[in-house]
Amino acid sequence: MILPPPNVTGKLHLGHALTATIEDALCRHHRIKGGVTQWIPGFDHAGIATQSVVERELYKQKGVRPDQLSRKEFLDRCNQWSKTIIFFRFLEVATTRPETLFADVALAVNPADERYSRFVGKYVRNPLVPARKLPVIADSSVQMEKGTGVLKITPSHDHLDWEIASHHWKEIISVDPSARTRTCIESNGKMNAEANEFAGMDRFDARTKVTEKLNSLDLLSGTLEHDGQITVCSRTGTCFFIFNLCYVGDIVEPRLTEQWFMDTAELYVKAAQAVKDGKISVSPATQEQKLFDWFSNKDPWCLSRQLIWGHRIPAYRTNNSSWFVAGSMNEAREHFGEAATITQDEDVLDTWFSSSLIPLVKAGWPGPEFDSTSPFLDVLETGWDILGFWVARMIIMTMRLSGGQVPFSKVLLHGLVRDSSGRKMSKSLGNVIDPLDVVEGISREKMVERIKNSSLPQEEIGRGALRLRSFVGTFFVILATATSIISSRYPEGIPRSGTDALRFALLRHDLLASDIPLNVVDFASEGLRFCNKLWNLATYMETVAENSPTLKDVDSEHPADEWIMSHLSGALEKIDSHMLDFVPHLAFAVLHNFILGSLCDVYLETTKRALWTCDLPRIAQIRTTLSRVVQPTFVQLSVFMPFVAEHLYERVFKREHGSIYSDFVK
2 MILPPPNVTG
12 KLHLGHALTA
22 TIEDALCRHH
32 RIKGGVTQWI
42 PGFDHAGIAT
52 QSVVERELYK
62 QKGVRPDQLS
72 RKEFLDRCNQ
82 WSKTIIFFRF
92 LEVATTRPET
102 LFADVALAVN
112 PADERYSRFV
122 GKYVRNPLVP
132 ARKLPVIADS
142 SVQMEKGTGV
152 LKITPSHDHL
162 DWEIASHHWK
172 EIISVDPSAR
182 TRTCIESNGK
192 MNAEANEFAG
202 MDRFDARTKV
212 TEKLNSLDLL
222 SGTLEHDGQI
232 TVCSRTGTCF
242 FIFNLCYVGD
252 IVEPRLTEQW
262 FMDTAELYVK
272 AAQAVKDGKI
282 SVSPATQEQK
292 LFDWFSNKDP
302 WCLSRQLIWG
312 HRIPAYRTNN
322 SSWFVAGSMN
332 EAREHFGEAA
342 TITQDEDVLD
352 TWFSSSLIPL
362 VKAGWPGPEF
372 DSTSPFLDVL
382 ETGWDILGFW
392 VARMIIMTMR
402 LSGGQVPFSK
412 VLLHGLVRDS
422 SGRKMSKSLG
432 NVIDPLDVVE
442 GISREKMVER
452 IKNSSLPQEE
462 IGRGALRLRS
472 FVGTFFVILA
482 TATSIISSRY
492 PEGIPRSGTD
502 ALRFALLRHD
512 LLASDIPLNV
522 VDFASEGLRF
532 CNKLWNLATY
542 METVAENSPT
552 LKDVDSEHPA
562 DEWIMSHLSG
572 ALEKIDSHML
582 DFVPHLAFAV
592 LHNFILGSLC
602 DVYLETTKRA
612 LWTCDLPRIA
622 QIRTTLSRVV
632 QPTFVQLSVF
642 MPFVAEHLYE
652 RVFKREHGSI
662 YSDFVK
């Protein structure tokens, strides 16, 4: 089994703790049954996450941006570690993106719209680039009731526009051969030379200036308030509220760029067949259809990322050549010749491409020790949110590079940890919990200070405010809100609970549900009380042993002893069945109920009279029964709460450290 790759740049969160708890429990259970267990840490280069964090820290600490460093210098750092709608005269067009007029290639109308059917096949002039003619095309994707029913097509800056244009390139290019690659916004969010007098402006500043320009030319029919969706980036650092809704990240700007793609359609067909044939099973079964949904995606997989940190794409070329994919620069030189000037593609591979190779690399690929006929992994356990990004890609990559072998036979998908209100964990909401804070404890003041000292630079917040003010109006920086939530939810901070209490808190929930709402402080407190109960159990066993006339086992036919042994047998059988079905939370529930209910609340109460009356023969029977019951109970508990279970086992049974597994297997 492999541990899913953690984010090398981020802090731990409860999702990491959940994954580790589930997988550790599965491994420990397999081990106490005498099986051989190999639990391998996952890995990837976390390209986007790494680079974004390093960029923020660089600017925060030194005021340096990545474009001010060479590629080598930046890699060294890594290693170290909208509210306006505008109408135009003649054919009036409603748009929320006036700044992209310079990259328009056509106008589109619905073929069923009688208002505009006579214009289809004709041409219009771009209002700000009058020399440029735009064809009027008919496409059923245009919504007649939206805006004026006329859609300006800017394929380089809008996904829908690209889809529409891709069906009409012949009509568009016949008028303007360079239309396919025309763009007006650069990667830094500034207007390029296509924007004429607006070149160099920030895209949002240009939005205002373009609107003013259209108005001065008497080409602006008017403006209207408009509710729409804004796509924001989860990796960048602007935090703001719009109408009481929280947003984190810069506004995403679609741009037309050259990328490397992988055709996955045929690979997904073979992967889907492997699942249908039963070579791979998915639990819970409800997630299997989602995997098939990913397999039905016929879009190519975009492999390239415009980053510095990551596995660089091994593609090479000379000034006048096509790209050549090689294993190294030496191999490229053999192809092009020693005298050629060779350059390597600057892009890096998608991190999911790298991490999809984990089962293969674990088996020795691409080295000589690689054996494609041996099993790769037995179980793959991870969160359902990366089912398509990671699990599906591992399946197709392993099958493609191993001659059809599947990377694992079982996929176990746990849910996503939410806060007690069911909300996603987010720094901006102040509800992200570092599991080490539960283990070690943390004061409210330190929690607030951590938010203030997060990697989000204050400069970024201010810059975001300037950008947004031009089109959304009033908003508030979210930092004060996050600290307020922390102060109200954790007025005393988080008390120290220890690792086992945290594992208890996680295991007390349905781990296979899509969402796992968790009040970790309350459940960890319950876990501490359970640990205290176990401690009292161990102390009671020591008292019984001290009062017993013999330390030799004494068989008993006492009804209470036979009752608890019977209940133990039933509990162990259920626990084993649940673990084999990969539902550790159900197994833990059985064990928890047995310890609290059958053992402590019932059986121990029946034994106390013997101690009060100094019934020595009965005490000897109780000592033997407790030993026979508690030993396997502690062994099973070590699967879920290893620290307290192993400590109490060694204390009660006077055994050396680490003997709990060997004793049980023997």
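Throughout, our numbering is defined as the position within the sequence shown, counted from one, plus 1. Glycine included, C-beta positions come from ideal geometry on N, C-alpha and C. Computed from a predicted structure; not experimentally measured.
The three-state secondary structure of Y491, taken from DSSP, is coil. Here F524 is buried, its C-beta having at least 16 other C-beta atoms within 10 Å. Non-local beta-carbon contacts of L304 in its own chain, meaning distances under 8 Å to residues more than five positions away in sequence, involve Q260, W261, F262, M263, I314, L350, D351, F354 in chain order. According to DSSP, residue pairing for I154 in a beta bridge involves A107. Look at Y60 here: in three-state DSSP terms it is helix. For S570, the enclosing alpha helix (DSSP H) begins and ends at 560-581. The beta carbon of G150 lies closer than 8 Å to those of V110, N111, D114, R116, Y117, V143, Q144 in the same chain, with the five residues before and after it left out. Closest option to R133, judged by alpha-carbon separation, among L102, D162, V121, A139: L102. Taking 8 Å as the cut-off, the Cβ atoms of L535 and V640 do not count as close.
Across the structure, A200 and G229 are spaced so that their CA atoms are roughly 27 Å apart. Straight through space, the alpha carbons of R306 and K210 are spaced by roughly 32 Å. Checking the DSSP bridge columns, you'll see C303 partnered with F262.
Between L381 and F409 a beta carbon distance of about 4 Å is seen, short of the 8 Å cut, so the two are scored as contacting. In the three-state reduction of the DSSP assignment, E254 falls in the coil class. The region 595-611 makes contact with the region 526-545, as at least three CB pairs between them are under 8 Å.
The DSSP-derived three-state label of D516 is strand. Apart from sequence neighbours up to five positions away, the residues of its chain that approach E657 with a beta-carbon distance below 8 Å are E651, ordered along the chain. Rounded to the nearest angstrom, the Cβ distance from A104 to S179 is 11 Å, too far for a contact under 8 Å. Taking a 10 Å sphere around the C-beta of K214, we find 16 or more other C-beta atoms and assign the residue as buried.
If you check the CB distance, T383 and T20 come in under 8 Å.
DSSP, reduced to helix, strand and coil, places G384 within a strand of the structure shown. Inclusion of V55 and C79 in the CB contact set at 8 Å is warranted, their separation being smaller than that value. One thing to note: L108 has its Cβ no nearer than 8 Å to the Cβ of V130. DSSP lists Y317 as the bridge partner or partners of F325. By the Cβ criterion, the region 401-419 is in contact with the region 277-292, since at least three pairs of Cβ atoms, one from each stretch, lie closer than 8 Å. Going by DSSP, Y124 is part of no alpha helix (DSSP H) but of the beta strand (DSSP E) stretching over 124-127. Contact between the region 480-497 and the region 550-562 is absent: fewer than three C-beta pairs spanning the two stretches fall below 8 Å. Setting aside the 5 residues that flank it on each side, R32 is surrounded in the same chain by T38, Y662, each with a C-beta closer than 7 Å to its C-beta; the list follows chain order. In the pairwise beta carbon analysis, the region 601-621 is classified as not touching the region 581-590: fewer than three pairs are separated by under 8 Å. Secondary structure note for P131: it is in no alpha helix (DSSP H), and the uninterrupted beta strand (DSSP E) holding it is 130-139.
When DSSP states are grouped into helix, strand and coil, S71 belongs to the coil group. T500 is positioned such that its CB atom lies closer than 8 Å to that of V440.
Look at H586 here: in three-state DSSP terms it is helix.
By the neighbour-count criterion, in which a residue is buried when 16 or more other Cβ atoms sit within 10 angstroms of its Cβ, T614 is exposed. In this structure, I620 sits near S549, with a CB-CB distance shorter than 8 Å. In the displayed model, S118 falls within a helix according to three-state DSSP.
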